[in-house]
Amino acid sequence: MAWGEDHKQRSREKILTTAAGLFAREGFDKVSIDQVMQAAGMTRGAFYAHFSSKADLYAEAILYAANTAAENYLPAQRNTAEQREAFIAAYLSEEHCKGADMPCPLAFLVSDMANQDQGVRSTWSKVFEGLVQRLASSETQTPQEQQAALQRVVMMIGGVAVARALNDSDLASEVLQACRAGALAAPAGEARD
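Oh and the sequence shown: position 139 is 1243 in the working numbering, straight run, nothing missing.
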C-alpha cells in the first residue's frame, strides 16, 4: 500500500525537525544521515525519498528551523514593535542559548557556515536577510532603519554564539544581558554610532 502525500509531508517535517536540532547542537560534520533517520524513527532508505544529499538536508533544515521559529515568535504579518522587543528578549535568553526549543540556525551554526558549500551558505544568508527584514520597523526602510536592523541582528547572533562558547556561565549571562540591552536600545530608524 502506497503512503499518501499527507504521510510523506509529516515524515519530511519530522526529518527536518530532527535534523535541525541535531545540526544546531553538533554541526554538519558530526551528524550523519543515519543518526538523523534513527532519531526520527525512520530508516536510511526513507531519507532519499525526501532529500538528495546531506548538504541538501542541511540547507533545508536551516530554512525550516528559521521559518518555524520566525512564525512562532515574530509573524511576518502584524509584526509590532512590542513583538519585535519580545522576540529580541527571548532570542537573547539563557533558554534559547541552551537550545531548549528549536535552536536558531543563525547563531547555533554561524561558525559552521564558512566551511559549507555555496548552496548551504546561500540558504543561511537568506535566513539572515529575512531576520533583518522582520526586525526592521517597516517594509520600506531608510538606510538608517536598515543599519539599525543589521546592528540588532548581528548583536543577537553574536551574543548567542559567544555566550554558547563561554565556559563561564556567569560571563555568558552577562554577554546575553549586554546584547539584549544593546539590541533593545537601538531605536528603529536610528543608526547607532
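The beta-carbon is built from N, C-alpha and C at its ideal position, and this holds for glycine as well.
Output needed for residue i: all residues of its chain with C-beta closer than 8 Å, excluding positions within five of it in sequence on either side, in chain order.
i: ARG1129; result: GLY1203, PRO1207 and PHE1212
i: GLU1189; result: LEU1288
i: TYR1162; result: ALA1123, PHE1127, PHE1132, GLN1220 and VAL1224
i: ASP1138; result: ARG1148
i: ILE1192; result: LEU1239, ARG1256, MET1260, ARG1284, ALA1287 and LEU1288
i: ALA1282; result: GLY1263
i: VAL1140; result: ILE1119, THR1122, ALA1123, LEU1126, PHE1151 and LEU1161
Measure the alpha-carbon distance for residue i versus residue j and round it to whole angstroms.
i: ALA1276; j: GLY1125; result: 21 Å
i: ALA1169; j: LEU1120; result: 8 Å
i: GLY1293; j: VAL1266; result: Annotation note: pLDDT 45 at GLY1293 (below 50); position unreliable, no value reported.
i: ALA1269; j: ASN1183; result: 31 Å
i: VAL1214; j: ASP1272; result: 20 Å
i: GLU1278; j: GLU1186; result: 23 Å
i: CYS1201; j: HIS1111; result: 33 Å
i: ASP1160; j: SER1136; result: 13 Å
i: ALA1079; j: ALA1144; result: In the structure as shown, the chain begins at 1105 and stops at 1297. Residue 1079 is therefore absent and cannot be evaluated.
i: LEU1196; j: ASP1274; result: 14 Å
i: SER1194; j: ILE1166; result: Reading the sequence as shown, one finds Ala at residue 1194 and not Ser. Approximately 19 Å, taken between the alpha carbons.
i: MET1146; j: LYS1134; result: 19 Å
Between which residues of its own chain and residue i is the CB-CB distance below 6 Å, once the five residues before and five after are set aside?
i: ASP1297; result: Residue confidence is low: ASP1297 scores 37 on pLDDT, short of 50, so the model does not pin down where it sits. No coordinate-derived value is stated.
i: ALA1253; result: VAL1236, LEU1239 and ALA1240
i: MET1217; result: ARG1225 and TRP1228
i: THR1172; result: MET1206
i: VAL1258; result: none
Rounded to the nearest angstrom, how far is the Cβ of residue i from that of residue j, given a contact under 8 Å?
i: ALA1174; j: GLY1108; result: The pair is not a contact, with the Cβ atoms about 29 Å apart (cut-off 8 Å).
i: VAL1236; j: LEU1210; result: At roughly 10 Å, the Cβ-Cβ gap does not stay under 8 Å, so VAL1236 and LEU1210 are not in contact.
i: LEU1198; j: LEU1280; result: According to the sequence displayed, residue 1198 carries Glu and not Leu. Rounded, the Cβ-Cβ distance is 6 Å, consistent with contact.
For residue i, decide whether its Cβ has a neighbour in chain C, counting only Cβ atoms nearer than 8 Å.
i: SER1115; result: You won't find chain C in this structure, because it holds only one protein chain.
Starting from residue i, trace the alpha helix (DSSP H) both ways and give me its first and last residue.
i: MET1259; result: 1247 to 1269
i: THR1121; result: 1109 to 1130
i: VAL1135; result: Element bounds for VAL1135: n/a, residue is neither H nor E.
i: LYS1230; result: 1222 to 1239
i: LEU1275; result: 1273 to 1289
i: PHE1212; result: 1209 to 1212
i: PHE1151; result: 1148 to 1151
i: ALA1193; result: 1185 to 1195
i: HIS1200; result: 1198 to 1201
Exercise. Counting pairs of Cβ atoms below 8 Å between the region 1154 to 1166 and the region 1105 to 1121, do you hit three or more?
Worked result: By the criterion of at least three beta-carbon pairs nearer than 8 Å, the region 1154 to 1166 is in contact with the region 1105 to 1121.
Exercise. If you pair each beta-carbon of the region 1220 to 1228 with each one of the region 1245 to 1263, do three or more pairs fall below 8 Å?
Worked result: They do not touch, by the three-pair rule.
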